[in-house]
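Reading through the structure tokens given below for one structure.
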Amino acid sequence: MTVGSASTIETFDRWVIPNYRRYPVALVRGEGSQVWDADGRSYLDMFPGWGCNVLGYSPPQLVKAIQEQAARLIHVPNTWYIEQQGEFAEFLCSRSFGRAFFCNSGAEANEAAIKLARLHGGGSGRYRIITFENGFHGRTFGALTATAQPKYHEGLGPLMAGFRYSRMGDLEGVRQLIDDETAAIMIEPVQGEGGVRIPPPGFLQGLRDLCDEHGLLLIFDEVQTGMGRTGSWFAYQQSGVQPDVMTLAKGLGGGVACGAMICRDEIAEDLRPGMHASTFGGNSLAMAAGLAVGHIIEQEGLLEHIKEQAVYVREELESWREQLPIINEIRVCGMMIGIELTIPAGRAVGMCMDRGVLINATNDTVVRLLPALNVTREDLDKALAVVRQVLAEMANEI
Ligand SMILES: *Cc1c(COP(=O)(O)O)cnc(C)c1O
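Read in order, the letters of the sequence shown correspond to residues 12 to 409 in the numbering used here.
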């Protein structure tokens, strides 16, 4: 009999659909930014839960909130009023705007936004949505079609009708795509999977102006940037541009499946009773988790902490440039960190893992870190030292 990660891998090989490329490691226990595999090795995780574990692994206060809620009530459907759902909606909307609809994932949140845009535009024959190259909105057919990256579409056609793609930064291009059938413009305020790409100054405001001019909804996909990730509750708050609709997931439940769509009060009623639903959406357990995450972020002053950490990280990474000419661009947005290389970044992930640090690479050439919002300076320093060493080795090999 095999033990540890090998045993889990063996079971997977027989029973689990192989639609993911996985590293040959089973993670079994975590604390803060540290996580252990089934063979007892520990890692510093600078990408915990693909951005979902905003408070790192099993923060005690979140664990307690989940345990208490589970013991009281795990799930009731939306045929009833759900105490924690109302409270979490109030928590989120009083820190942003409008009203909330809850679901379980980012793709679902975006499906809700797409439906809302069509229902809102329906009266005037508007249904089309403009999205952006290198964007990522999820894997369900609506969200997938919104995702203007051909590699995710291969073999899946025909896709959903009613989307047009533009280029981030090209306001004139967006203007030319708008016609009488356009209902909305949808964009990530910072592109995550696309490589921590920050829109050029004025671009989001330009989209806001176009939407106002043509009566379109502006939808911000904050699935990755929301819940404090960038150093404000939501990234739009730093851009000064208010969307009509915002979608959330990833960090919302601190690792518990939870998604939300927030929209302005005046358009909330377009999502009429019977037109949309989610069986698990807004259940007591997920809502209790979300509330706990929100309260912890506030009690621990993490938004302030992130701003300081981000300044520190940026300075640190900038100081690497001289010795590491393979660094093309450094993009830091709170605890959303992208290091764009002049060479493919994929190898860095395995090399860091071998040295006990977990990171991610995306969009071919971008090393991406999404550390827990409460990552300590000590853990951050240790991890960054390893990333630097790995990049130096990669630079030496070319
Ligand atoms: C991850 C992500 C999604 C998809 O979320 P899922 O929970 O995997 O469906 C959508 N939009 C953005 C910006 C994301 O980062």
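Glycine included, each C-beta is placed from N, C-alpha and C at the ideal position.
Start-to-end residues for the beta strand (DSSP E) that takes in residue i
i	result
Tyr176	174-177
Gln187	Segment 182-188 is the alpha helix (DSSP H) holding Gln187; no beta strand (DSSP E) there.
Gln45	45-48
Ile196	193-198
Burial state of residue i (16 or more Cβ within 10 Å)
i	result
Met12	Note that Met12 scores a pLDDT of 49, beneath 50, so its modelled location is shaky; the value from the coordinates is reported in the next line. Met12 is exposed by the Cβ-count criterion.
Ile93	buried
Pro172	The sequence shown places Ala at residue 172, rather than the Pro named in the question. Answer is exposed; the Cβ neighbour count stays below 16.
Asn407	exposed
His164	exposed
Pro169	exposed
Met238	buried
Gly41	buried
Ile244	Inspection of the sequence shows that residue 244 is occupied by Trp rather than by Ile. Under this definition Trp244 is a buried residue.
Met179	buried
Tyr34	exposed
Gln334	exposed
Ala288	exposed
Asn339	exposed
Tyr31	exposed
Gln96	buried
Leu167	exposed
Glu351	buried
Met405	buried
Any non-hydrogen atom of ligand 1 within 7 Å of residue i CB
i	result
Gln235	yes
Asp232	yes
Asn121	yes
His148	yes
Lys162	no
Glu277	no
Ser44	no
Ala118	yes
Glu204	yes
Ala271	no
Ala383	no
Glu126	Residue identity differs from the one stated: residue 126 is Lys in this sequence, not Glu. For ligand 1, not one heavy atom lies less than 7 Å from the Cβ of Lys126.
Glu199	yes
Lys393	no
Ala403	no
Lys261	yes
Extent of the continuous alpha helix (DSSP H) to which residue i belongs
i	result
Thr156	152-157
Tyr247	247-250
Leu391	388-407
Glu42	Taken as a continuous stretch (DSSP letters only), Glu42 belongs to no alpha helix (DSSP H), being part of the beta strand (DSSP E) at 38-42.
Contact test: residue i Cβ vs ligand 2 heavy atom, cutoff 7 Å
i	result
Glu351	Although ligand 2 was asked about, the structure shown includes only ligand 1 as ligands.
Exercise for the section: Starting from the N-terminal side, write out each stretch of the beta strand (DSSP E) that is 3 residues or longer and does not extend beyond the region 294-358. Expected result: When DSSP assignments are scanned along the region 294-358, the uninterrupted stretches of beta strand (DSSP E) that are 3 or more residues long and fall wholly within it turn out to be 338-343, 348-352.
Practice task
Starting from the N-terminal side, write out each stretch of the alpha helix (DSSP H) that is 4 residues or longer and does not extend beyond the region 88-137.
Solution key: DSSP runs (the alpha helix (DSSP H)) wholly in the region 88-137: 94-105, 117-133.
Exercise for the section: Jot down the residue ranges of each uninterrupted alpha helix (DSSP H) in the region 211-287, minimum 4 residues, whole runs only, in chain order. Expected result: List check, alpha helix (DSSP H) in window: 214-225, 247-250, 276-279.
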